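Chains as they are written, first to last, in the numbering used here: chain A, 14 to 260; chain B, 14 to 260.
Don't be surprised by glycine CBs; every beta carbon is placed ideally from N, CA and C.
Just so you know, these numbers come straight off a predicted model, no measurement behind them.
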DNA sequence: CACCTTTGTGTATTTTTTACACTAAAAAAT
DNA sequence: ATTTTTTAGTGTAAAAAATACACAAAGGTG
């Protein structure tokens, strides 16, 4: 049956774009490749999909094998299938992405990777394959998603301050937000639990700590609530609160 | 090199979800398969990606070969790669979708398909493979996209009335829109050219005809304009304009 | 010419978004 | 102990956007 001529030696891979947030910086998890091609180069943690596993499953497995990270929610983003994107043959890849709290996971590269490390989004080197392109597409998707879902909580420690949350949003959206308006909006969604605790050991007024209300989020989700968070249409200058501090 | 064990007999396909709009109904283009598996069954127009072509190119070629339609913009949606989705072996598929004016294209199924035909979205049968799932995902994406881009013009004839446009939006969003508010919003985007023509041969007041302003759309796109079109947050009843007609 | 059907229009109300500046709290420096 | 430094926390008014809603106008039909 000539139909089967369409089955040829080819392969699929999955590549994971894992975002984290630390020190006010949006980061992505990269590995240094321990295999040809691109041996020694930085790349997204990705590998082949095996014949007996589906794509989502492969993404989860590969991430675990290459970085030691498991138990995260991975979302499919896009496929990349340029003819020569892989020097060894025809390989298309399916990109997945996820957001995780950096501090929650210890990174343990498998033998197949020389190293696994967080890199600031703003300082990502030349990656192997077409991984720069993939990263860019995933970052776009993140930016887009964060406007319609209260994402980002995944990236913060369980207890966080409103300023930390705002910085995270600013990093993702690549814009400045107005402090008062941001707080008003976030608090009005009623998705944060005020822990009645404050920061300790900071050399200034300590901020209150909050926690994400997972239960309420699930409840709202199921009733089709719209989480949109905008403040991006008009250009506006920062709230220069501090200008009064030095008269 | 054991690396190459990961290249095995497998295949990629592309499947196209082509939306059209006619007689107030949102439609999708299906073919009746002329090949095993699922010979004789309705399916999305899809076929294998060849070794020497990239995914976007394959989608365009396949659509042309199976339905005679070419010169349309296809957008990648998602990959589907369940292990047993294809009875002949491991095949993952990449779904593409597009919107076209039904009247602009004459459908000419190639020998590989027995038939190609528009089907109302609301009355799609059991399709081959996992194509019902794919169709559903694409419809979701359409619904989502139409809120953030002035899509839909692709689906209408070059000259259309505001009521036709509104019906189209209602079909996609699966909701009712308020006539006056819809017009206000659409016209304020300033993307329609008033042709100073009216419908002819209708048994009621003829509507004005408009045309989509492609140039202005491109201009606004490039300056990052936000086309969002909502009116979906609160539940609201229809504008029962006609209630005064029969006092 | 009455009548049927669909088009086309405006306004008032409510909600959301935006812009903007000072006091409060704690630690550090004097 | 007082002052300085730094960040947290707060409210309001103005502008823009979204919503709800009803009737006259245009053309064909019988």
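Can you say whether residue 143(B) is buried or exposed, counting buried as having 16 or more other CB atoms within 10 angstroms of its CB? Residue mapping note: residue 143(B) aligns to position 130 of the second chain, counting from 1. Flag for residue 143(B) reads buried.
Could you check what DSSP says for residue 85(B) in three-state terms: helix, strand or coil? Start at 1 with the first residue of the second chain, and residue 85(B) comes out as number 72. Residue 85(B): coil per DSSP, three-state reduction.
How about residue 174(A) and residue 212(A): are their beta carbons less than 8 Å apart? As a position in the first chain, residue 174(A) is number 161, starting the count at 1. As a position in the first chain, residue 212(A) is number 199, starting the count at 1. Taking 8 Å as the Cβ cut-off, residue 174(A) and residue 212(A) qualify as a contacting pair.
Under a Cβ-count criterion, where at least 16 other Cβ atoms within 10 Å of its own Cβ denotes burial, should residue 177(A) be classed as buried or exposed? As a first step, residue 177(A) is located in the first chain; it is residue number 164 there, counting from the start. Residue 177(A) should be labelled buried.
CA-CA distance, residue 158(B) and residue 63(B)? Against the second chain, residue 158(B) aligns to sequence position 145. Against the second chain, residue 63(B) aligns to sequence position 50. C-alpha separation (whole angstroms): 30 Å.
DSSP three-state call for residue 118(B): helix, strand or coil? Translated into the one-based positions of the second chain, residue 118(B) becomes position 105. Of the three classes helix, strand and coil, the one that applies to residue 118(B) here is coil, per DSSP.
Assuming the contact rule is C-beta atoms closer than 8 Å, residue 29(A) and residue 87(A) should be a hit. Round their C-beta distance to whole Å, please. Along the first chain, one-based indexing puts residue 29(A) at 16. Along the first chain, one-based indexing puts residue 87(A) at 74. Yes, they are in contact, since the Cβ atoms of residue 29(A) and residue 87(A) sit about 7 Å apart, within 8 Å.
Is there a Cβ of chain B sitting closer than 8 Å to that of residue 100(A), yes or no? Start at 1 with the first residue of the first chain, and residue 100(A) comes out as number 87. No, no contact with chain B.
Consider the Cβ of residue 10(A): report whether some Cβ of chain B lies at a distance smaller than 8 Å. Past the edges of chain A, shown from 14 to 260, lies residue 10(A), and the structure says nothing about it.
8 Å CB neighbourhood of residue 172(A) in its chain, flanking five on each side removed: Taking the first chain and counting its residues from 1, one reaches residue 172(A) at position 159. Same-chain partners within the cutoff: 208, 210, 222, 223 and 224.
Taking CB distances under 8 Å as the criterion, tell me whether residue 61(A) reaches chain B. The residue you call residue 61(A) lines up with position 48 of the first chain. By this cut-off, residue 61(A) is an interface position.
Can you find a CB in chain B that lies within less than 8 Å of the CB of residue 21(A)? Position 8 of the first chain, counting from 1, holds the residue named residue 21(A). Yes, residue 21(A) lies at the interface with chain B (some Cβ there is under 8 Å from its Cβ).
Could you name the residues of the region 107 to 130 of chain A whose beta carbon sits closer than 8 Å to any beta carbon of chain B, in the order they occur along the chain? 107
CB of residue 56(B) within 8 Å of CB of residue 73(B), strictly: Reading the second chain from its first residue, position 43 is the one you call residue 56(B). Reading the second chain from its first residue, position 60 is the one you call residue 73(B). It is not a contact, given that the beta carbons lie outside the stated cut-off.
Give the straight-line distance between the Cα atoms of residue 191(A) and residue 191(B), rounded to the nearest whole angstrom. Position 178 of the first chain, counted from the first residue, corresponds to residue 191(A). Position 178 of the second chain, counted from the first residue, corresponds to residue 191(B). Computed Cα separation, rounded: 34 Å.
Taking 8 Å as the cut-off, decide whether the C-beta atoms of residue 122(B) and residue 79(B) are in contact. On the second chain, position 109 is the one that residue 122(B) refers to. On the second chain, position 66 is the one that residue 79(B) refers to. Going by C-beta atoms, residue 122(B) is nearer than 8 Å to residue 79(B).
Buried or exposed for residue 24(A), going by 16 or more other Cβ atoms inside 10 Å? Against the first chain, residue 24(A) aligns to sequence position 11. Counting Cβ neighbours within 10 Å, residue 24(A) comes out buried, since at least 16 surround it.
Would you mind reading off the limits of the alpha helix (DSSP H) that contains residue 196(A)? Taking the first residue of the first chain as position 1, residue 196(A) is located at position 183. Run containing residue 196(A): 192 to 202, per the alpha helix (DSSP H) assignment.
Would a C-beta distance cut-off of 8 Å place residue 131(A) and residue 105(A) closer than the cut-off? Walking along the first chain from the start, residue 131(A) turns up at place 118. Walking along the first chain from the start, residue 105(A) turns up at place 92. Their beta carbons are not under 8 Å apart, which means residue 131(A) does not touch residue 105(A) by this criterion.
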